[in-house]
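Enquirer: Numbering (this note's numbering), first residue to last: 180 to 380.
1) Measuring alpha carbon to alpha carbon, tell me which of 333, 361, 358 and 342 ends up nearest residue 253.
2) Name the DSSP beta bridge partners of residue 210, please?
3) Taking only the alpha-carbon atoms, compute the straight-line gap between residue 309 and residue 280 and give it to the nearest angstrom.
4) Pick helix, strand or coil for residue 169, following the three-state DSSP scheme.
5) Per the DSSP calculation, residue 312 is bridged to which residue(s)?
6) Taking only the alpha-carbon atoms, compute the straight-line gap between residue 215 and residue 344 and give it to the nearest angstrom.
7) Excluding the 5 residues preceding and the 5 following residue 249 in the sequence, name in chain order all residues of the same chain whose CB lies nearer than 8 angstroms to its CB.
8) Can you list, in chain order, the residues of its chain whose CB lies under 7 angstroms from that of residue 277, leaving out five sequence neighbours each side?
9) Whole angstroms is fine: what's the gap from residue 267's alpha carbon to residue 255's?
Right under this line is the structure:
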């Protein structure tokens with residue numbers, strides 16, 4: 180697949196009550212979480228956008244378009260909808276900035292797996308689904324809009340309305356690692372992952 184058919188969408192997170200600061204700008208090993216997302220997406224995407232409602236000037240320093248939610252207060256779906264609505268490519272990779280150990284190889288694997296489906300979503304650890312770390316065709320915008328109109332803002336429920344493929348991510352894959360989907364939600368998480376030496380470039 181041509182990378183110019185793919186837009187990378189970084190969900191920068193916003194003000195996190197558990198983190199106590201803007202999540203995307205929080206530092207892990209002296210590197211902002213949003214930078215990990217840029218590094219994971221840049222090799223497999225022709226363009227990148229950052230979904231953020233706060234600190235837009237800080238995010239603009241990365242050199243990518245910063246997109247504010249058209250509809251605020253509905254969680255991650257607001258960012259996904261707003262960015263896919265503006266997308267001019269056939270596919271979009273959505274990545275939340277709080278999963279800093281995701282790699283370009285995972286996204287390439289998802290892109291290679293999507294076939295004729297509207298989305299390719301990683302599944303791991305006995306069925307755990309990662310809707311904020313997946314590939315979506317731009318034509319899911321209509322189903323996203325319908326979910327918003329119904330005021331159902333859960334990404335897992337939205338998946339039930341589209342033709343999506345569950346892509347099993349297991350330890351036999353060459354890019355697999357135990358911390359691939361580790362989630363950073365608190366300052367304690369930042370400290371423990373830094374202390375554990377888990378930074379991935």
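Note that CB positions come from ideal geometry on N, CA and C, so glycine has one too.
Bear in mind that the values here come from a model prediction, so they are computed numbers and not experimental data.
Expert: On the basis of the data shown:
1) 333
2) 207, per the DSSP bridge assignment.
3) Near 14 angstroms, if we compare the C-alpha coordinates of residue 280 and residue 309.
4) Since the first and last residues shown for the chain are 180 and 380, residue 169 lies out of range.
5) 274
6) Straight-line Cα distance between these residues: approximately 26 angstroms.
7) Spatial neighbours of residue 249 in its own chain (CB-CB distance under 8 angstroms, excluding positions within 5 residues in sequence) are listed in chain order as 257, 260, 261 and 264.
8) Excluding residues within five positions, the ones whose Cβ falls inside 7 angstroms are 192, 202, 212, 362, 363 and 364.
9) Looking at the two C-alpha atoms, the distance is approximately 20 angstroms.
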